[in-house]
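Visitor:
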Amino acid sequence: MAWLDATGVQVQIRGREILHHADLRVERGRVVVLVGPNGAGKSTLARTVAGLQPLTGGGVAWDGTPIAELSSRKLALLRAFVPQHAPVPAGMTVREAVELGRSPHVGPLQRPTAKDAGVVDAALDRVGLGPFATRQLATLSGGELQRVRIAVAVAQASPCVILDEPTSSLDLGAAAAVGRLLRHLAADDFAVLVVLHDLALAAAVADDVVVMHHGRTVASGAAADVLTKERLAGIWQVDAELTTSPGGATGLHVDWLAPPALDPTHHPLDAWETTA
Ligand code: ADP
Ligand code: MG
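When you read off a place in the sequence shown, starting at 1, and then add 436, the result is the number in our numbering.
1. Would you mind sorting residue 592 into buried or exposed? The rule is 16 or more other CB atoms within 10 Å of its CB.
2. For residue 449, count the other beta carbons within 10 Å of its own beta carbon; 16 or more makes it buried, fewer makes it exposed. Which is it?
3. Looking at the ligand ADP, does it come within less than 7 angstroms of residue 656, judged from the CB to the closest heavy atom?
4. If I follow the unbroken beta strand (DSSP E) through residue 686, where does it start and stop?
5. Do you know offhand how far residue 464's Cα is from residue 446's?
6. Tell me whether residue 520 sits in a helix, a strand or coil according to DSSP, three-state version.
7. Is residue 546 buried or exposed, if buried means 16 or more other CB atoms sit within 10 Å of its CB?
8. Entirely within the stretch 529-608 and at least 4 residues each: give me those alpha helix (DSSP H) ranges in chain order.
9. Quick one: grab the DSSP three-state call for residue 693.
10. Give a yes or no on contact between the stretch 595-614 and the stretch 650-666, applying the rule of three or more CB pairs nearer than 8 angstroms.
11. Between residue 557 and residue 572, what straight-line distance do the alpha-carbon atoms span, to the nearest angstrom?
12. Could you tell me which residues DSSP pairs with residue 648 in its beta bridges?
13. Would you kindly work out how many angstroms separate the C-alpha atoms of residue 711 and residue 568, rounded to a whole number?
14. To which residues of the same chain is residue 642 closer than 6 angstroms at the C-beta, ignoring the five residues directly before and after it?
15. Whose CB is closer than 5 angstroms to a heavy atom of the ligand ADP? List the residues in chain order.
16. Report buried or exposed for residue 416, applying the criterion of at least 16 other Cβ atoms within 10 angstroms of its Cβ.
17. Tell me, please, whether the stretch 437-445 touches the stretch 632-641 by the rule of three or more beta-carbon pairs shorter than 8 angstroms.
18. At a cut of 8 angstroms, does the stretch 516-533 reach the stretch 671-686 through at least three beta carbon pairs?
19. Quick check: residue 458 and residue 472, are their CB atoms within less than 8 angstroms of each other?
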């Protein structure tokens, strides 16, 4: 049984159908990467399986339990969610921020225990921020801050971590560090679901790539099978090819300046280039 199993998920927001049909399975020890153009529904699907957005059709089950039967406290023990624009609390140290991840485990009138402190230390070490524990968040780089956000999720100690575009504002080195961290989490038996924009990074970190387009999951599998030249042209409207070197380095060769091939399934709202 998959840790997370979502089938035929539909979501309407204010009467508009945003997700038409999305399927997703995430096993422990694996990294599943959600990709797709802007507006495809990746964030909505991530929020829906996380229990942050109600579904209007289909099913989501965590470890075999339908999501409707799970309280928010129970959900917090099953999955941690790192939103795309997670706010950074002001005037806090790195350690204090990561301690927030323990809140589902600490009762309303309880103080964090020695066990909680140990989990926080381990989470800081896991993301390589042990030496930063007493630093103020305001003094960190973008890449370091993103690792703090991931450490908060790791400290929550739920078996699944869901991350929405954790590398979108990071430079190359910081993005690669996050990519390595995602692989380490899977090696530690976490189920990892991550939305990524960078398809070369997606191919490098994913066990499975799931492609979304217009509110549907349209393909899933190994990156090389799923991110084909034809699909890159049909969905992203670019002439591009995913490459993998014998050593495993991935790249996306893009003919940046070639005009996009017209795709009859392309949604007019996304196709500003062809209507401008
Ligand atoms: P992605 O993350 O793939 O860029 P999103 O899931 O954010 O896509 O959005 C998918 C579609 O749903 C977009 O057209 C977006 O405008 C719409 N949408 C998302 N959230 C809301 C909302 N709260 N209210 C109205 N429309 C929304
Ligand atoms: Mg998004």
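Idealized CB from N, CA, C, for every residue including glycine.
Guide: The answer reads as follows:
1. Within the sequence shown, numbered from 1, the residue matching residue 592 stands at position 156. Result: buried.
2. Residue 449 sits at position 13 when you count from the first residue of the sequence shown. Its Cβ having fewer than 16 others within 10 Å, residue 449 is exposed.
3. To locate residue 656, count along the sequence shown from 1; it is residue 220. No, the beta carbon of residue 656 sits no closer than 7 angstroms to any heavy atom of the ligand ADP.
4. Looking up residue 686 in the sequence shown gives position 250. Residues 686-690.
5. Taking the first residue of the sequence shown as 1, we reach residue 464 at position 28. Taking the first residue of the sequence shown as 1, we reach residue 446 at position 10. Their Cα atoms are separated by approximately 24 angstroms.
6. Along the sequence shown, read from residue 1 onward, the residue named residue 520 stands at position 84. Coil, per DSSP.
7. Position 110 of the sequence shown holds residue 546. The residue is exposed, with fewer than 16 neighbouring Cβ atoms inside 10 Å.
8. Residue ranges of uninterrupted alpha helix (DSSP H) with 4 or more members, entirely inside the stretch 529-608 and ordered along the chain, are 530-535, 550-562, 578-591.
9. If you number the sequence shown from 1, residue 693 lands on position 257. Residue state, collapsed to three classes: coil.
10. The stretch 595-614, when compared against the stretch 650-666, does not touch it at the 8 angstroms Cβ threshold.
11. Within the sequence shown, numbered from 1, the residue matching residue 557 stands at position 121. Within the sequence shown, numbered from 1, the residue matching residue 572 stands at position 136. Taking the straight line from one Cα to the other gives about 16 angstroms.
12. Here residue 648 is taken as the residue at index 212 of the sequence shown, counted from 1. BP columns for residue 648 point to 653.
13. Position 275 of the sequence shown, counted from the first residue, corresponds to residue 711. Position 132 of the sequence shown, counted from the first residue, corresponds to residue 568. Confidence is the limiting factor: at residue 711 the pLDDT is only 38, short of 50, which leaves the residue's position unreliable and the question unanswerable from this model.
14. Here residue 642 corresponds to residue number 206 of the sequence shown, with the count starting at 1. Correct list, in chain order: 467, 469, 659.
15. 449, 454, 474, 475, 476, 477, 478, 479, 480
16. The question about residue 416 has no answer, for the chain in this structure spans 437 to 712.
17. no
18. Segments in contact, no.
19. Residue mapping note: residue 458 aligns to position 22 of the sequence shown, counting from 1. Residue mapping note: residue 472 aligns to position 36 of the sequence shown, counting from 1. Not closer than 8 angstroms, so no.
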